[in-house]
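A.B. asks: Residue numbers (our numbering), protein chains in the order written: chain A, 1 to 127; chain B, 128 to 271.
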Amino acid sequence: MSLSIEVLPAAGGSQRVVLSGRLDTHTYEDLDEKLAPLLTRNLQSLVLDLAALEYISSAGIRSIFKARKALGAHGGKVLVVNPQAQIQKVFDVVKAVPMSEIFSSTAEADAYLDAMQRKVLQGDEED
Amino acid sequence: MLIRLIVPGERARVEDLNTSLEAVLKRHGIDPEVRGDVRLIVEELASNAIVHGAVDGHHVGQHELSVNIAIDGDLLTLDFRDEGAPFDPLSTPPPDLEADIMDRPIGGLGLYLIRRIAEETHYRRVDDANLLRVILRIPQTETL
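1. DSSP beta-bridge partners for S14/A?
2. I need the boundaries of the alpha helix (DSSP H) containing V97/A, first residue and last residue.
3. Helix, strand or coil for L259/B? Go by DSSP, reduced to three states.
4. From V81/A to V17/A, what distance separates their C-alpha atoms?
5. Inspect the CB distances between the segment 4 to 17 of chain A and the segment 152 to 169 of chain B and report whether three or more fall short of 8 Å.
6. So A256/B packs on E210/B, CB below 8 Å; how close in whole Å?
7. So what does DSSP say about I64/A, is it helix, strand or coil?
8. Identify each residue in the segment 67 to 85 of chain A for which the Cβ-Cβ distance to at least one residue of chain B is less than 8 Å, and report them in chain order.
9. Could you work out which residues of chain A lie near E246/B, taking near to mean beta carbons separated by less than 9 Å?
10. Is the distance from the Cβ of L35/A to the Cβ of I56/A below 8 Å?
11. Count the other CB atoms within 10 Å of the CB of A59/A; is the residue buried (16 or more) or exposed (fewer)?
12. Is the CB-CB distance between S20/A and L48/A below 8 Å?
13. Does the ligand ZN have even one heavy atom less than 7 Å from the beta-carbon of S63/A?
14. My output table needs one value for R166/B: the three-state DSSP class, helix, strand or coil.
15. Nearest CA to the CA of P266/B: which residue from R260/B, F214/B, D199/B and E225/B?
16. For S2/A, does the count of other Cβ atoms within 10 angstroms reach 16, so buried, or fall short, so exposed?
17. Could you give the DSSP three-state label for A52/A: helix, strand or coil?
18. Give a yes or no on whether the C-beta atoms belonging to K77/A and S45/A are separated by under 8 Å.
19. What residue does the alpha helix (DSSP H) around E29/A start on, and which one ends it?
20. Would you decide whether G123/A is buried or exposed? Buried here means 16 or more other CB atoms lie within 10 Å of its CB.
21. Give the secondary structure of D114/A by DSSP, where H, G and I count as helix, E and B as strand, and everything else as coil.
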């Protein structure tokens with residue numbers, strides 16, 4: 001089984017990418033390749049929808065780390081939505097993504113992004 | 128049951144190995160969670176053996192990596208044997224999981240994952256071969 005990667009249209013500094021299949025030593029390069037052009041200074045949040053991802057190994061964790069570092073350099077974040085049991089277990093063991101950046105639905109992640117956005121706007125008004 | 132593959136240079140065959148293992152485990156009624164753990168352990172070990180042969184400086188040539196799998200009660204035992212350079216995968220230092228993401232290296236997590244997911248791990252070097260035993264606990268489904 002391979003990995004399928006669906007890049008949804010970007011909106012408001014946020015980019016959603018839907019993964020399904022296996023993210024492992026055979027497929028992580030495909031993901032790196034697809035993500036590389038997205039990881040610009042304009043991207044504030046990359047939302048990885050993992051509902052249909054069945055399996056991840058350390059090679060897949062490496063890809064997520066790369067994205068977290070690329071965005072982290074300018075204060076951006078990688079949010080993870082709906083990781084399945086095997087993926088959550090691997091995330092927990094290696095602390096791949098902070099708990100506060102893992103969501104059980106896209107609605108939850110959207111609400112978090114909206115709140116972040118409001119904070120930024122409020123900050124601008126106070127300046 | 129014994130399954131073999133040749134490393135390094137056979138990354139694609141790791142998937143064949145995992146596919147074979149998965150079929151056997153399924154036949155024995157092993158649940159998806161344990162099958163996922165087995166897949167992860169095999170992938171991490173095989174990738175490591177493949178990368179080691181190529182990057183480690185001293186080329187060890189092609190050698191065989193074999194896996195013997197045994198199920199006994201609620202324990203599943205994987206015995207890995209390879210004739211590569213002596214390497215104890217259990218001796219690598221654990222990664223610093225508390226460091227800030229910007230300071231963490233992007234690799235070095237595979238062997239740590241094996242150690243954390245397994246119930247028990249043992250390494251021995253015997254007759255020019257690395258022997259690694261990994262034991263997993265099979266969760267028992269509750270019987271009424």
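Here a beta-carbon is modelled for each residue, glycine too, at the ideal position from N, C-alpha and C.
C.D. replies: Considering the structure as presented:
1. For the purposes of this step, residue 14/A is taken as the residue at position 14 of the first sequence. Partner(s): A11/A and S45/A.
2. Counting from one through the first sequence, the residue named residue 97/A turns up at place 97. No alpha helix (DSSP H) holds V97/A; DSSP gives it neither H nor E.
3. Within the second sequence, numbered from 1, the residue matching residue 259/B stands at position 132. Three-state DSSP puts L259/B in a strand.
4. One-based indexing of the first sequence puts residue 81/A at position 81. One-based indexing of the first sequence puts residue 17/A at position 17. Between the alpha carbons of V81/A and V17/A lies a gap of roughly 10 Å.
5. By the C-beta criterion, the segment 4 to 17 of chain A is judged not to be in contact with the segment 152 to 169 of chain B, since fewer than 3 inter-stretch pairs fall below 8 Å.
6. What you label residue 256/B is simply residue 129 of the second sequence in a count that begins at 1. What you label residue 210/B is simply residue 83 of the second sequence in a count that begins at 1. Between A256/B and E210/B a beta carbon distance of about 5 Å is seen, short of the 8 Å cut, so the two are scored as contacting.
7. For the purposes of this step, residue 64/A is identified with residue 64 of the first sequence, where counting begins at 1. In the structure shown, I64/A sits in a helix (DSSP, three-state: H, G or I).
8. If the cut-off is 8 Å between Cβ atoms, the segment 67 to 85 of chain A has R68, K69, G72, A73 and A85 near chain B.
9. Here residue 246/B is taken as the residue at index 119 of the second sequence, counted from 1. Result: empty, since nearest Cβ-Cβ is about 14 Å, beyond 9 Å.
10. Numbered from its first residue, the first sequence carries residue 35/A at position 35. Numbered from its first residue, the first sequence carries residue 56/A at position 56. No; because the gap between Cβ atoms is not below 8 Å, this pair is not in contact.
11. Position 59 of the first sequence, counting from 1, holds the residue named residue 59/A. With 16 or more Cβ atoms within 10 Å of its Cβ, A59/A is classed as buried.
12. Here residue 20/A is taken as the residue at index 20 of the first sequence, counted from 1. Here residue 48/A is taken as the residue at index 48 of the first sequence, counted from 1. No Cβ-Cβ contact shorter than 8 Å links S20/A with L48/A.
13. You won't find the ligand ZN in this model; it holds no ligand whatsoever.
14. Residue mapping note: residue 166/B aligns to position 39 of the second sequence, counting from 1. Assignment of R166/B by DSSP, reduced to helix, strand and coil, places it in the helix class.
15. Within the second sequence, numbered from 1, the residue matching residue 266/B stands at position 139. It is D199/B.
16. Here residue 2/A corresponds to residue number 2 of the first sequence, with the count starting at 1. By the neighbour-count rule (16 or more Cβ atoms within 10 Å), S2/A is not buried but exposed.
17. Stepping through the first sequence from its first residue, residue 52/A is reached at position 52. In this structure, A52/A counts as strand in the three-state DSSP scheme.
18. In the first sequence, residue 77/A corresponds to position 77, counting from 1. In the first sequence, residue 45/A corresponds to position 45, counting from 1. K77/A places its beta carbon less than 8 Å from that of S45/A.
19. In the first sequence, the residue the question calls residue 29/A occupies position 29. Start and end: Y28 to L35.
20. Here residue 123/A refers to the residue found at position 123 when the first sequence is read from its first residue. Around the beta carbon of G123/A, a 10 Å sphere encloses fewer than 16 other beta carbons of the protein chains shown; the residue is thus reported as exposed.
21. On the first sequence, position 114 is the one that residue 114/A refers to. Reduced to three states, the DSSP call for D114/A is helix.
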